[in-house]
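Oh and the sequence shown: position 89 is 204 in this note's numbering, straight run, nothing missing.
Ideal placement from N, C-alpha and C gives every residue a C-beta, glycine not left out.
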Amino acid sequence: MSTPITSLSRGLIVLLAMVSALGPAAMQILLPAIPVLRDSFQVSTAVAQLTLSLSMAAIALATLAYGPLSDRYGRKPVLIGGTVVTIVGSIMCIVAPDINTLIIGRIVQAAGGAVGVVVARAIVRDVYDARESASVIATLVMVMVVLPMLSPAIGGELMVRLEWHAIFYLVAIISFVLILWMMRSLPETLAEPQPFSGVGDMLRTYASLMRQREFCGYGFCLAFVSVVFFSFISAAPEIMVSVLNRPPNEYGYYFIIIPLGFMAGNYVTRHFGSRIGIQRMIDHGTRISIVGVVLAIVLAMLGFNHPTALFLPIALAIFGNGITLPNAQAGAINAAPKLAGSASGLTGFMQMGFSALAAQLVAQLFNGTVYPMLILMLVAAVLSLLSLRMLPAHGQQDQET
116 MSTPITSLSR
126 GLIVLLAMVS
136 ALGPAAMQIL
146 LPAIPVLRDS
156 FQVSTAVAQL
166 TLSLSMAAIA
176 LATLAYGPLS
186 DRYGRKPVLI
196 GGTVVTIVGS
206 IMCIVAPDIN
216 TLIIGRIVQA
226 AGGAVGVVVA
236 RAIVRDVYDA
246 RESASVIATL
256 VMVMVVLPML
266 SPAIGGELMV
276 RLEWHAIFYL
286 VAIISFVLIL
296 WMMRSLPETL
306 AEPQPFSGVG
316 DMLRTYASLM
326 RQREFCGYGF
336 CLAFVSVVFF
346 SFISAAPEIM
356 VSVLNRPPNE
366 YGYYFIIIPL
376 GFMAGNYVTR
386 HFGSRIGIQR
396 MIDHGTRISI
406 VGVVLAIVLA
416 MLGFNHPTAL
426 FLPIALAIFG
436 NGITLPNAQA
446 GAINAAPKLA
456 GSASGLTGFM
466 QMGFSALAAQ
476 LVAQLFNGTV
486 YPMLILMLVA
496 AVLSLLSLRM
506 LPAHGQQDQE
516 T
């Protein structure tokens, strides 16, 4: 289908990173506005939270389709098509007259943006072997997480200086620019299309992946680590306003501490991962995440009621995530190299599906304190560590050597 490509230029890696970040950034840029949407549309916090949790669910479901489609029809056309859907969803949000229409627009926007999360990682696996792909995926994951982490600050300023509609104008414009960039510069990397005869075939592919202990060990670890992060971002804006009595846009500035932790974790992965090995890196990363969440709980119990007492320990936990995420993703995809697109799609579904449930659960359990959020984060961090026990002994050795 295409001439084999042995490496990706720095510019193409940046492009893939930007496309990977588009869906999560578009989802999170609205976070500071959720309390405003609640008041503007005169709905409950749980209803306003659906603009986040249902968009996460849409990403989860869409990733299931993008993997097999990209394995069959090619990476580039699927990547461009999904980005077009992102623009359509953004326009729906701009013209939304009520909360229900806004939620639907957010679902469409998120379903389109999910394409980059799946296909960019599959492109990396098309080009690089297991060792090299972990390093490149670390770069993609860093941008995919850091840009969305910075987006609430941008969203908060747009909301304060203009209004919440401006957020969706920005997402649509960025999506259009990325489409032009992909059409001009992105090569097709799929060397051998895989057969795809419909939903039944797709489900059989996913079932075969779920029967692999190696894939499940890394996949569930990845999913629970994502819950740690998304539990925080779903509850933190409301905690800032209702518990810590801070203005909505201030959340975005404290939130900048979080990507610094993640970037530091990615730095560790890029520079030490090949020496230490995937499984050991994940083990260290998950343990650091547990320490960070426990520290946040202890500070809350001691009565520290300042944003730094929450954000600094969570930044430590996200430092652990920065170590764990790229290694677990590389491990999951390399469990089935010939089905890289499907493996990437299924891990994306697991990440966003679990996280969507966690986001809505946090909203339902919110009791005016930080404890429901922090306890859920702690449980998820512990489960991510326990997921490593699913790895077969030979699978661990293969990843270490």
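Query, Result
"Considering only their Cβ atoms, is the gap separating Gly182 from Ser459 smaller than 8 Å?", "yes"
"Once DSSP output is grouped into helix, strand and coil, what is the label at Glu353?", "helix"
"When you compare only the Cα positions, how much space is there between Phe291 and Met416?", "47 Å"
"Just the Cα atoms here: how many angstroms apart are Pro441 and Asn449?", "12 Å"
"How about Gly407 and Gly380: do their beta carbons lie closer than 8 Å?", "no"
"Quick check on Val413: buried or exposed, where buried means 16 or more other Cβ atoms within 10 Å of its Cβ?", "exposed"
"Below 8 Å, can you find three or more Cβ-Cβ pairs linking the segment 148-164 to the segment 196-212?", "no"
"Can you tell me whether Glu365 is helix, strand or coil according to DSSP?", "helix"
"If you count every other CB in all the chains shown that lies within 10 Å of the CB of Glu307, and 16 or more means buried, which is it?", "exposed"
"Using a Cβ-Cβ cutoff of less than 6 Å, which residues in the same chain neighbour Gln512 once the five nearest sequence positions on both sides are dropped?", "Bear in mind that a pLDDT of 42 at Gln512, under 50, signals an unreliable position, so the model cannot answer this."
"Please work out which residues of its chain come closer than 6 Å, Cβ to Cβ, to Ser499, disregarding the five sequence neighbours upstream and downstream, and give them in chain order.", "Cys336, Phe339, Val340, Thr401"
"Tell me the DSSP secondary structure of Ser124 in three-state form.", "coil"
"Considering only residues of the same chain and omitting the five flanking positions on each side of Ala350, which have a CB-CB separation below 6 Å?", "Val477, Met488"
"Mind checking whether Ala430 and Ile372 have CB atoms under 8 Å apart?", "yes"
"Comparing alpha-carbon positions, which option in Met467, Met325, Val158 lies nearest Ala173?", "Met467"
"Quick one: Cα of Glu278 to Cα of Leu285, how far?", "12 Å"
"Alpha carbons only, please: which of Arg153, Ile222, Ser266 is nearest the one belonging to Ala177?", "Ile222"
"Is it true that the CB of Ala229 sits closer than 8 Å to the CB of Gly220?", "no"
"Buried or exposed, going by whether 16 or more other CB atoms sit within 10 Å of the CB of Gln479?", "exposed"
"Note down the Cα distance separating Pro428 from Ala163, rounded to an integer number of angstroms.", "27 Å"
"With distances taken Cα to Cα, identify the nearest neighbour of Leu167 among Phe481, Leu472, Asn482.", "Leu472"
"Report all residues from its chain with a CB closer than 7 Å to the CB of Gln161; omit the five preceding and five following residues, and keep chain order.", "The sequence as given places Ala at residue 161; Gln does not occur at that position. Result list for Ala161: Ala478, Gln479, in chain order."
"Below 8 Å between beta carbons: does that hold for Pro422 and Arg328?", "no"
"Report yes if the C-beta distance between Ser267 and Gln143 is below 8 Å; otherwise report no.", "The sequence given here has Pro at residue 267, not Ser. Yes; because the gap between Cβ atoms is below 8 Å, this pair is in contact."
"Take Phe347 as the anchor and find which of Met378, Gln224, Ala496 has the nearest alpha-carbon.", "Ala496"
"Do Leu273 and Met133 have their C-beta atoms within less than 8 Å of each other?", "no"
"Taking Cβ positions, are Ser357 and Leu127 nearer each other than 8 Å?", "no"
"Could you spell out the range, first to last residue, of the alpha helix (DSSP H) harbouring Ile371?", "No alpha helix (DSSP H) holds Ile371; DSSP gives it neither H nor E."
"Quick one: grab the DSSP three-state call for Asp316.", "helix"
"Taking the C-alpha atoms as reference points, what is the distance between Arg187 and Ile391?", "35 Å"
"At what residues does the alpha helix (DSSP H) containing Pro441 begin and finish?", "422-449"
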